[in-house]
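Counting from 1, position 127 in the sequence shown corresponds to residue 127 in full-length UniProt numbering; the numbering is continuous, with no gaps. Below you'll find the structure, written out as structure tokens, and then a few comments.
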Amino acid sequence: MKNLFKHIYQIIRHPVTFFEEAQTWEKRPIWIPILILVLTGIIGGLSAGGAVSAFSGMLTEDQAGMVKTIAMITGIIGGPIGLLLAWLIKGLIYQGILKKMSGEGDEAKLNDTLFFTGICSFPLMIPAILNTIIALTGHVSLNLSGGFNVVSYLAGSINLFIIYQLFLTIIAMAKLHRLSYKKAAIPIIALEVIVAIFNLVTGLMSASSTASVMNSVNSGQ
Numbered sequence: 001m002k003n004l005f006k007h008i009y010q011i012i013r014h015p016v017t018f019f020e021e022a023q024t025w026e027k028r029p030i031w032i033p034i035l036i037l038v039l040t041g042i043i044g045g046l047s048a049g050g051a052v053s054a055f056s057g058m059l060t061e062d063q064a065g066m067v068k069t070i071a072m073i074t075g076i077i078g079g080p081i082g083l084l085l086a087w088l089i090k091g092l093i094y095q096g097i098l099k100k101m102s103g104e105g106d107e108a109k110l111n112d113t114l115f116f117t118g119i120c121s122f123p124l125m126i127p128a129i130l131n132t133i134i135a136l137t138g139h140v141s142l143n144l145s146g147g148f149n150v151v152s153y154l155a156g157s158i159n160l161f162i163i164y165q166l167f168l169t170i171i172a173m174a175k176l177h178r179l180s181y182k183k184a185a186i187p188i189i190a191l192e193v194i195v196a197i198f199n200l201v202t203g204l205m206s207a208s209s210t211a212s213v214m215n216s217v218n219s220g221q
């Protein structure tokens, strides 16, 4: 844990220097990015319990407590799993594309790409902590009748923490695969745009399903 905070401090202070020095390490402990992602997922999962409090007016006290518990357990388990899967997929994509762009002189291994990609994810812990605090203190407002707000979604998806994560990832991948920042940025930003579009589509579908359920509930009252 001490090494984790030490690395994070070094990245914040001098990201370029950190990633350059990391090239000389004999071993890159893969547990560090895994720990970052697991902690982020668990913290984010805790907010699920607070988020369901928006439905408390439609449920009995026992039902609300049960739903909140289930949501928290599901979030705590599913959060880390989702982040770890996304990390592995991104690592595989970055390794395949950037290694090909770099050429035969690129000696970076998948484990190296995963290490740098994962350790660059630490900025995501901050919004996860903030969202959990907001949710657990009961300051969550859920608009069930207004539909899915695309502008609000984009504002939440494109925030300073995600931009900072991308900034660090570009530096890390450029140093690891010996590419210019511009070349390294192309697949990284392109993949992020694809993920954002996918999440937008699934968000619209989820909002449509939620609206249908709420209309059914309201019509039955």
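Ideal Cβ positions, reconstructed from N, Cα and C, are used throughout, including at glycine.
Query                                                                                                        : Result
Outcome for T132 when other beta-carbon atoms lying within 10 angstroms are tallied against a minimum of 16  : buried
I89 burial status per 10 Å Cβ neighbour count (16 or more: buried)                                           : exposed
Environment of Q165 [buried if 16+ CB atoms lie within 10 Å]                                                 : buried
Close beta carbons around F122, own chain, < 6 Å, minus the five adjacent residues each side                 : I8, I36
Exposure of L160, with buried meaning 16 or more beta-carbon neighbours within 10 Å                          : exposed
Three-state secondary structure assigned by DSSP to T137                                                     : coil
Backbone CA spacing between D106 and I134 [nearest angstrom]                                                 : 45 Å
Segment contact flag, the stretch 70 to 83 with the stretch 165 to 178, C-beta cutoff 8 Å, min 3 pairs       : no
For residue 307, the nearest candidate out of K6, T40, I30 (CA to CA)                                        : The structure shown has nothing for residue 307, since the chain only spans 1 to 221.
Closest Cα partner of I162 within the set V16, K182, L124                                                    : L124
I12 classed as buried or exposed, judged by whether at least 16 other C-beta atoms fall within 10 angstroms  : exposed
Delimiting residues of the alpha helix (DSSP H) encompassing Q165                                            : 160 to 177
Contact belief for L92 with A184 at Cβ below 8 Å, rounded distance in angstroms                              : About 16 Å separates the two Cβ atoms, so there is no contact after all.
Buried versus exposed, by CB contacts within 10 Å (16 or more), A190                                         : exposed
Within-8 Å CB hit, L204 to chain C                                                                           : In the displayed structure, chain C is absent; only one protein chain is listed.
Sequence-distant residues of the same chain with beta carbon closer than 6 Å to V195, five excluded per side : none
Cβ neighbours of H177 in the same chain (closer than 6 Å, five flanking residues each side left out)         : L98, S102, D106, A108
Span of the alpha helix (DSSP H), counted from its first residue to its last, around D112                    : 110 to 119
Continuous alpha helix (DSSP H) stretch holding E20: start and end                                           : 15 to 22
Whether I32 touches I119 by CB criterion (8 Å)                                                               : yes
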